[in-house]
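So the protein lines, in turn, are chains D and V. Everything in the first sequence is counted per the numbering used here, starting at 182 for the first residue and increasing by one. Everything in the second sequence is counted per the numbering used here, starting at 182 for the first residue and increasing by one. Here's the structure, in structure tokens; my notes come after.
2 protein chains.
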Amino acid sequence: MIIRIDELSDVPIYLQIRNQIVMGISSGELAGGEQLPTVRALALEMGINTMTVSKSYQLLKQEGYIMTDRKNGARVRTEIRVQGGISDSNKTELKRIVSEARLSGVSRQEIVSLVDEYYGTDDKG
Amino acid sequence: MIIRIDELSDVPIYLQIRNQIVMGISSGELAGGEQLPTVRALALEMGINTMTVSKSYQLLKQEGYIMTDRKNGARVRTEIRVQGGISDSNKTELKRIVSEARLSGVSRQEIVSLVDEYYGTDDKG
DNA sequence: TTCTTTGTATTAAGGTTAGTAATACAAAGA
DNA sequence: TCTTTGTATTACTAACCTTAATACAAAGAA
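Below is the structure:
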């Protein structure tokens, strides 16, 4: 999976990496059990510090998305630990995004279409 | 409208204020033309610095959500300037939220229901 | 054993941002 | 003249992000 960093974003690099890996897992682009690049390889490839990548991996590990093992590297968990629904902060963020969209003339249907696109077209919803 | 600050949130105070006002406008809790609290009053009420509130108002003004006028204070614009759809950063945020929700077992329908709730039940979508 | 590669830890430093504090200004109405 | 409004300035503290340079333990390979 290709990870791209937006230098102009307010989101810290380690969070951008974390977010893209989470989205990759959800979309299926990253399969369960799949090997992730080593922290050094990814840091070199992206021209950033190894500790920045390590921070991303530690966060993903703590959240239950990946497993890390010395010498084995990092792998996507086959069974993602669920954390019980949508977090309060994500609900607030969703409300903010919907509000801004609505005030800029975006229809409800356009938002729902985006949700469908991001959720994927499997039998989960 | 009651504005509440989450001290534990990663979101800066000035942004929390800005976001809650935007959501208030979208929900109709803040009507077009409605007077907002003065920067000093809101700062005193919330126990924060006036410049922090001022920063929120400047941002809202720049984005076209409110108008500020010396001696007249700040008011919600009657005609919100649209900015052309959902921003790229909001799309990315939405994708992240949907991905996290999906991986924690939330159904597509649950997300859509939240969107409906936040969008409101008028004839816009 | 020795070497290499893995994630991880440590320490230091620099840069940016958020927030506060204290004060002041211009505009406009009372 | 006085008050209230948003706004501006300057200085300071604190927190966070990122980099840098090393180093360590674990585990497989040679």
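Note that beta-carbon positions come from the ideal geometry of N, C-alpha and C, so glycine has one too. Fair warning: this is a prediction, and the values are worked out from it, not measured in the lab.
Does the beta carbon of V/G214 come closer than 9 Å to any beta carbon on chain D?
By this cut-off, V/G214 is not an interface position.
So, does the CB of V/I206 fall closer than 9 Å to a CB anywhere in chain D?
V/I206 belongs to the set of residues whose beta carbon lies under 9 Å from a beta carbon in chain D.
Classify V/V257 as helix, strand or coil using the three-state DSSP reduction.
In this structure, V/V257 counts as strand in the three-state DSSP scheme.
Using alpha carbons as the reference points, say which of V/K272, V/G254, V/L284 and V/G286 lies closest to D/E298.
Per the Cα distances, V/K272.
Check whether the stretch 263–279 of chain V and the stretch 281–299 of chain D touch, using three or more Cβ-Cβ pairs below 8 Å as the test.
Counting C-beta pairs closer than 8 Å gives three or more between the stretch 263–279 of chain V and the stretch 281–299 of chain D, which meets the contact rule.
Residues near D/V287 in its chain [Cβ-Cβ closer than 6 Å; skip 5 each side]:
Correct list: empty, nothing qualifies.
D/Y195: contacting residues in chain V (beta-carbon distance under 8 Å):
Correct list: empty, because the minimum Cβ distance to chain V is about 13 Å.
Which listed residue (D/I247, D/V192, D/V296 and D/I261) has its alpha carbon closest to that of D/Q216
Measuring from the Cα of D/Q216, the nearest candidate turns out to be D/I247.
Less than 8 Å between the CB atoms is what I'm expecting for D/T219 and D/I194, so what's the real figure, rounded?
Going by Cβ atoms, the distance from D/T219 to D/I194 rounds to 17 Å, so no, they are not a contact pair.
Answer yes or no: do V/I202 and V/S237 have a C-beta to C-beta separation smaller than 9 Å?
Yes, Cβ-Cβ distance for V/I202 and V/S237 is below 9 Å.
To the nearest angstrom, how far is it from the Cα of D/Y300 to the Cα of V/I186?
Taking the straight line from one Cα to the other gives about 31 Å.
Reducing DSSP to helix, strand and coil, say where D/I247 ends up.
It is a strand residue.
Is it buried or exposed, D/K276, if we count other Cβ atoms within 10 angstroms and call 16 or more buried?
With 16 or more other Cβ atoms within 10 Å, it is buried.
Which of the three DSSP states, helix, strand or coil, is assigned to D/I216?
In the sequence as displayed, the identity of residue 216 of chain D is Gln instead of Ile. Per DSSP, reduced to three states, the secondary structure at D/Q216 is strand.
Neighbour flag for V/G306 against chain D, beta carbons, 9 Å
Reliability of the predicted coordinates at V/G306 is poor, the pLDDT of 42 falling under 50, and no value is obtained from them.
Return no unless some Cβ of chain V is closer than 9 Å to the Cβ of D/V263.
Residue-level contact by beta carbon holds for D/V263 and chain V, with a gap shorter than 9 Å.
Kindly list the residues whose CB is nearer than 8 Å to the CB of V/A212, restricted to its own chain and excluding five residues on each side of it in sequence; keep chain order.
Cβ within range, chain order: V257.
Partners in chain D for V/I278, counting only beta-carbon separations shorter than 7 Å:
Within 7 Å of the CB of V/I278, the CB atoms of chain D belong to N271, E274 and L275, in sequence order along the chain.
What three-state label does DSSP hand V/N230 in the structure shown?
Coil at V/N230, not helix or strand.
Distance between V/G209 and V/L241 (C-alpha atoms, nearest Å):
Approximately 16 Å, taken between the alpha carbons.
Same chain only: Cβ atoms within 7 Å of D/I229, ignoring 5 sequence neighbours per side
Result list for D/I229: I194, in chain order.
Outcome for V/L189 when other beta-carbon atoms lying within 10 angstroms are tallied against a minimum of 16
Taking all protein chains shown into account, V/L189 has fewer than 16 neighbouring C-beta atoms within 10 Å of its C-beta and is therefore exposed.
Positions along the stretch 278–295 of chain D whose CB lies within less than 7 Å of some CB in chain V
The residues in question are I278, V279, S280, E281, A282, R283, L284, S285, G286, V287, S288, R289, Q290, I292, V293 and L295.
With respect to the alpha helix (DSSP H) encompassing V/V203, which residues constitute its N-terminal and C-terminal limits?
First-last of the alpha helix (DSSP H) with V/V203: I194 to S208.
Run the CB neighbour count on D/N253, radius 10 Å, all protein chains shown included, and call it buried at 16 or more, exposed below.
D/N253 counts as exposed, since fewer than 16 other beta carbons sit within 10 angstroms of its beta carbon.
Taking a cut of 7 Å between CB atoms, which residues from the stretch 219–252 of chain V lie near chain D?
Flagged: no residues at all.
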